[in-house]
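Quick notes on the structure that follows.
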Amino acid sequence: FKNLILTGTDWNLLPTGHWTQEAGYNPLEEPGIKLLRCSHIAFDGCTITNFGGVGILSDNSEFITVDGCEISQSGNSCIVLNGPAGVVADDNASGHTISNNNLHDFGRIDVGAHGVCGIAVGNTTVEHNDITDGSFQAVRFRGRLDSLKFQGRNNHVIWNRIDNVVRELNDGAAIYFSGRQPGSTAS
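Structure, rendered in structure tokens:
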């Protein structure tokens, strides 16, 4: 996808001013773009803005590239990369590249949102992005919460500009690795 413009896939905020899954809001079911079991998909120079859930949700996909895009005004995270369920991430799994993007103003509904979140992915690089004005973490890599077996590996966070994040919750960091992440680095 080159120079795609997607705007206005917003979700109505509850009268209480926050969301709950009991109230029927699941940010992973409200993405601007969802990739399910895809391979070798690229987004280049796209604008994805003003949406209620996740901007780009990659579920059980590999070799997804997001380069030179602006993703902003999200109810949840800008980009979520879910590894395959029931499979241990290895050197050949995932292979995502998130680079040269402007990711900002995320977490308008779900304050636990991320600029980029990788869940049980491997061999993924997040580099040269501007990640700003987010409710929670700029970049997070973690394993699956339901099993210590399904973690990530060889994930790299390189030369990103991160500013004004972790504003709503206190158990976080601008860059956050959790679970076993062998071979992963941040610089």
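Heads up: the sequence shown runs through residues 80 to 266, numbered per our numbering. Cβ atoms here follow ideal geometry from the backbone N, Cα and C, with glycine treated the same way.
Practice prompt. Using 10 angstroms around the beta-carbon of A121, count the other beta-carbons present and answer buried if the total reaches 16, otherwise exposed.
Written response: Classification of A121: exposed, given that the 10 Å Cβ count is below 16.
Discussion item. Using a Cβ-Cβ cutoff of less than 6 angstroms, which residues in the same chain neighbour H235 once the five nearest sequence positions on both sides are dropped?
Written reply: Excluding sequence neighbours, H235 sits near T204 and T264.
Item to complete: With DSSP collapsed to three states, give me the class of H193.
Response: The answer is coil: DSSP assigns H193 none of H, G, I, E or B.
Worksheet item: Exposed or buried, which one is E101 when buried takes at least 16 other CB atoms within 10 Å?
Response: With a pLDDT of only 44 at E101, under 50, the local geometry of the prediction cannot be trusted, and the value read off the model is given with reservation. Burial call: exposed.
Discussion item. Could you compute how far the alpha carbon of S156 sits from the alpha carbon of S266?
Written reply: Linking S156 to S266 through their CA atoms gives a straight-line distance of about 22 angstroms.
Item to complete: Decide if G201 is buried, meaning its Cβ has at least 16 other Cβ atoms within 10 Å, or exposed.
Response: The Cβ neighbour count for G201, taken over all protein chains shown within 10 Å, is at least 16; the residue is labelled buried.
Worksheet item: Under the rule that 16 or more other beta-carbon atoms within 10 Å means buried, what is S257, buried or exposed?
Response: Exposed, because fewer than 16 other Cβ atoms sit within 10 Å of the Cβ of S257.
Worksheet item: Between the beta-carbon of L182 and the beta-carbon of N208, is there less than 7 angstroms?
Response: Going by C-beta atoms, L182 is nearer than 7 angstroms to N208.
Worksheet item: If you drop the 5 nearest sequence neighbours on each side, which residues of the same chain put their C-beta closer than 6 angstroms to that of V195?
Response: Hits under 6 angstroms: I158, I177, V205 and V218.
Worksheet item: Would you call the CB atoms of E109 and G131 closer than 7 angstroms?
Response: E109 places its beta carbon less than 7 angstroms from that of G131.
Worksheet entry | Nearest-angstrom beta carbon gap, F215 and G197 [assumed within contact, 8 angstroms] | The C-beta distance from G197 to F215 rounds to 15 angstroms, too long to fall under 8 angstroms, and the pair is not in contact.
Worksheet entry | Short Cβ contact (7 angstroms threshold) for I241 with A253 | For the pair I241 and A253, the CB atoms are nearer than the 7 angstroms cut-off.
Discussion item. Would C117 and L83 be called neighbours here (beta carbons separated by less than 7 angstroms)?
Written reply: With respect to the 7 angstroms criterion, C117 and L83 are not classified as neighbours on the basis of their beta carbons.
Practice prompt. Assign N243 to one of two classes, buried (16 or more other C-beta atoms within 10 Å of its C-beta) or exposed (fewer than that).
Written response: Taking a 10 Å sphere around the C-beta of N243, we find fewer than 16 other C-beta atoms and assign the residue as exposed.
Discussion item. Distance check for G231 and N180, CA to CA, integer angstroms please.
Written reply: If you take the alpha carbons of N180 and G231, they lie about 23 angstroms apart.
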